[in-house]
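Report on the structure given below.
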Amino acid sequence: MKKIKIIVFLFLFLITTKANAEELELKYNLRPMTDNYSVIDGSVQNELDFFLYEDEVIYFNGSKVDIKDKYFSIDISSIEGTANLEFTNNNNEKVTFAYYIYRGNGLIEHRVSDLLAYPIFTDTIGEIQIIYTAEDIENKVLIMELMSRLPEQFKIGTERIILIPYRHLENKNIAGIAYMGEAKLYNLSRLSEKNKKIVLYHEMAHLWANKLIEYKLLDYSYSKYEGFAKKDKQYVSNYTKKYLIEKQSYSEDFAESIAQYIYNPKLFKKKYPSRGCYIEMLFFITGIKYEIGGMI
Ligand SMILES: [Zn+2]
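Numbering-wise (the numbering used here), the sequence shown opens with residue 332 and increments by one.
Spelled out as structure tokens, the structure:
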């Protein structure tokens, strides 16, 4: 059922965009095969693959990239830590993708095997798996209930939710991580019910955004969203402010805004009318039927 919906969705979108698909801007034309902001195990992956919707000349680090049948690879074997890969074309358009590449002992918290010391339980809601331990049984019940009320179209990027019973090992402030269809939520028990909801919606918003990017309803730099967000003249949280200043990326602002909107749309629109307008537009074009109070 989910697949059919995605196909219909894609098809409708293709019809509407076909007419002006002649010369795509670089940020729409270049698609990474590994989601932007992914965490990568450099000990098993030496290359990152990219795909071009339309043929064009691409440069990486000033050198022309060798493209074969619309695909090319970038060697990451000498990169460790945060990598910002910047690509340009002959129109001086730029696009950057960020990855975190780890090696050696790796990032333990990025492996489900980290939960090996615990008996693991699995539940499913629709096609989404919820993986949890005995410590998170109550949180799992809450998550299942929240998930059952979320619109199906909003869940399209989420394949798995993993409830980790302890704090993130590297950064205790991290409440959740979303990558490759997976949302990991850390030590939910320490949070208020409101924050548990916000964290869940926030991580799911990242996964949803990845799908929208894949369908070209959003670009990697969130440039259209940025225009709307700036009009509100305020940040949605200290965290997103810090992220914006340090990484110049609106991805966190986007996820947090979606989360706060879902939690309380009336309040959100009052505080951030421009972002609210953009979110409602995005919900409309992605077929999310939204009723006040319906998703809380
Ligand atoms: Zn985030």
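Even glycine gets a Cβ: it sits at the ideal position worked out from N, Cα and C.
Exercise for review: Can you grab the Cα-Cα spacing for the pair residue 412 / residue 375, in whole Å?
Suggested key: 15 Å
Check your understanding: Using the C-alpha atoms, what's the distance from residue 568 back to residue 592?
Key -> A direct Cα-to-Cα measurement between residue 592 and residue 568 gives close to 13 Å.
Exercise for review: Taking only heavy atoms of ligand 1 into account, decide whether any of them is closer than 7 Å to the Cβ of residue 533.
Suggested key: yes
**Study point:** Secondary structure of residue 439, DSSP reduced to three states
**Key:** The predicted position of residue 439 is uncertain, since its pLDDT is 43 and thus under 50; a value taken from the coordinates is nonetheless stated next. Three-state result, residue 439: helix.
Point to revise | According to DSSP, residues forming a beta bridge with residue 558 | key: Answer is none; residue 558 lacks a bridge partner.
Exercise for review: Check whether the Cβ of residue 540 lies closer than 7 Å to any heavy atom of ligand 1, and answer yes or no.
Suggested key: no
Check your understanding: Could you give the C-beta distance for residue 455 and residue 461, rounded to a whole number, given that I count them as a contact under 8 Å?
Key -> 7 Å
Review point. Closest by CA to residue 553, which one among 495, 474, 607 and 540?
Key: 540
Point to revise | residue 537 beta carbon near ligand 1 (any heavy atom closer than 7 Å) | key: Yes, the Cβ of residue 537 comes within 7 Å of a heavy atom of ligand 1.
Practice item. Would you mind sorting residue 359 into buried or exposed? The rule is 16 or more other CB atoms within 10 Å of its CB. Key: Residue 359 is classed as buried because its beta carbon has at least 16 other beta carbons within 10 Å across all chains shown.
Review point. Quick one, which of 416, 373, 534 and 566 has its alpha-carbon nearest residue 394's?
Key: 416
Check your understanding: Quick one, which of 601, 605, 367 and 589 has its alpha-carbon nearest residue 481's?
Key -> 589
Review point. Can you list, in chain order, the residues of its chain whose CB lies under 6 Å from that of residue 419, leaving out five sequence neighbours each side?
Key: Excluding sequence positions up to five before and after residue 419, its CB lies within less than 6 Å of the CB of 390 and 425, all in the same chain and listed in chain order.
Exercise for review: Please indicate yes or no: does the CB of residue 501 lie closer than 7 Å to some heavy atom of ligand 1?
Suggested key: Proximity of the beta carbon of residue 501 to ligand 1 is not indicated: no heavy atom of the ligand is located closer than 7 Å.
Check your understanding: Between residue 623 and residue 575, what straight-line distance do the alpha-carbon atoms span, to the nearest angstrom?
Key -> Residue placement at residue 623 cannot be trusted, given a pLDDT of 48 that sits under 50; the coordinates are not used to answer.
Check your understanding: Does DSSP put residue 352 in a helix, in a strand, or in coil?
Key -> Confidence is the limiting factor: at residue 352 the pLDDT is only 45, short of 50, which leaves the residue's position unreliable, though a coordinate-based value still follows. Residue state, collapsed to three classes: coil.
Review point. How about residue 506 and residue 538: are their beta carbons less than 8 Å apart?
Key: no
Check your understanding: Does the distance from the C-beta atom of residue 404 to that of residue 383 stay below 8 Å?
Key -> no
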